[in-house]
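To keep things clear, I will list the structure first and then write my remarks on it.
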Amino acid sequence: KAGVTQTPRYLIKTRGQQVTLSCSPISGHRSVSWYQQTPGQGLQFLFEYFSETQRNKGNFPGRFSGRQFSNSRSEMNVSTLELGDSALYLCATTPTGGPGEKLFFGSGTQLSVL
Amino acid sequence: AQRVTQPEKLLSVFKGAPVELKCNYSYSGSPELFWYVQYSRQRLQLLLRHISRESIKGFTADLNKGETSFHLKKPFAQEEDSAMYYCAGETSGSRLTFGEGTQLTVNP
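In the order they appear, the protein sequences are chains Y and A.
Each residue of the first sequence is one higher than the one before, starting from 478 at the first, in our numbering.
Each residue of the second sequence is one higher than the one before, starting from 27 at the first, in our numbering.
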């Protein structure tokens, strides 16, 4: 089984731009979650999608958004980038996102905002 | 608010020595708790979860509700155990609250 695939691996953007990151889940996994990882704040939950619907949302501004397609692939978008958005963005998938399920993580997209 | 705390950022032990990585939580109710690990140049992966009460790679973790702790233990550390360890509590489904992480180094 192929693992969770995130593209691109690295991104460099400037302030004010927007960016779209992609996550392809393991076959059969319908829940896709996104996390932001920074040295200062650690791993923070952004949002979760299941069956093309946002089911859970963390405490991030509206500039952070996402969507999920019918094949369970997910994208997240960050608009009007700020320097503080520089981070590793991780995608994690599970079959249903139910209680106690093991999260399978991708390798992440490293975003640098200049 | 739910909170998971790992008081040690760095932990260094010698091969063969016991190791304990501390984790404390502040949650309403009884959360599902996990330990995730990230080895060098690898992706974050599940090490163990309280719900399944399994032992992986010799690691165990006991939930102590009185002390609100979920410490990770291994009686004899190996060099290949060197990694970053994260304790996490489940808020709902895939929404986890992670601790800050502990970098474990096992010296030969």
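Beta carbons: idealized from backbone N, C-alpha and C, even for Gly.
Per-residue burial, residue i [other beta carbons within 10 Å of its own, 16 or more giving buried]
i: Tyr65(A); result: exposed
i: Gly84(A); result: exposed
i: Leu59(A); result: buried
i: Pro57(A); result: buried
i: Tyr62(A); result: buried
i: Gln483(Y); result: buried
i: Gln562(Y); result: Correcting the residue type first, residue 562(Y) is Asp in the shown sequence and not Gln. It is buried - the Cβ of Asp562(Y) has at least 16 other Cβ atoms within 10 Å.
i: Pro502(Y); result: buried
i: Glu578(Y); result: buried
Distance cut-off 6 Å: residue i Cβ against heavy atoms of the ligand HEM
i: Phe524(Y); result: This structure lacks the ligand HEM, and indeed carries no ligand of any kind.
Listed by chain order, chain A residues near residue i by CB distance under 9 Å
i: Glu529(Y); result: Those within 9 Å of Glu529(Y) in chain A number zero; the least Cβ separation is about 15 Å.
i: Ala564(Y); result: Within 9 Å Cβ-Cβ: nothing; Ala564(Y) doesn't reach chain A, min ~14 Å.
Neighbouring residues, chain Y, relative to residue i (Cβ below 7 Å)
i: Ile77(A); result: Gly577
i: Glu58(A); result: Pro576, Gly577
i: Phe13(A); result: Absent from the model: residue 13(A). The displayed extent of chain A is 27 to 134, so no value can be given.
Counterpart residues of residue i in DSSP-defined beta bridges
i: Thr491(Y); result: Thr491(Y) pairs with nothing; no bridge assigned.
i: Arg544(Y); result: Glu552(Y)
i: Arg121(A); result: Ser118(A)
i: Asn50(A); result: Thr31(A), Ser95(A)
i: Asn133(A); result: Phe40(A)
Residues that residue i contacts on chain Y, provided the C-beta gap is smaller than 9 Å
i: Gly127(A); result: Gly519, Leu520
Straight-line gap, residue i to residue j (C-alpha atoms, nearest Å)
i: Lys48(A); j: Thr31(A); result: 8 Å
i: Gly505(Y); j: Ser584(Y); result: 19 Å
i: Gln494(Y); j: Phe524(Y); result: 21 Å
i: Ile82(A); j: Thr123(A); result: 22 Å
i: Phe537(Y); j: Asp107(A); result: 34 Å
Where residue i meets chain A, residues with beta-carbon distance less than 8 Å
i: Gln525(Y); result: A small fix is needed here, since residue 525(Y) is Glu in this sequence, not Gln. Correct list: Gly119, Ser120, Arg121.
i: Gly583(Y); result: Arg69
Along the segment 533–554 of chain Y, what residues have a CB closer than 7 Å to any CB found in chain A? Asn533
Proximal residues, the segment 103–116 of chain A versus chain Y, C-beta separation under 9 Å: Tyr112, Ala114, Glu116
Give the residues from the segment 480–498 of chain Y that approach chain A closer than 9 Å (Cβ to any Cβ), ordered along the chain. Gly480, Val481
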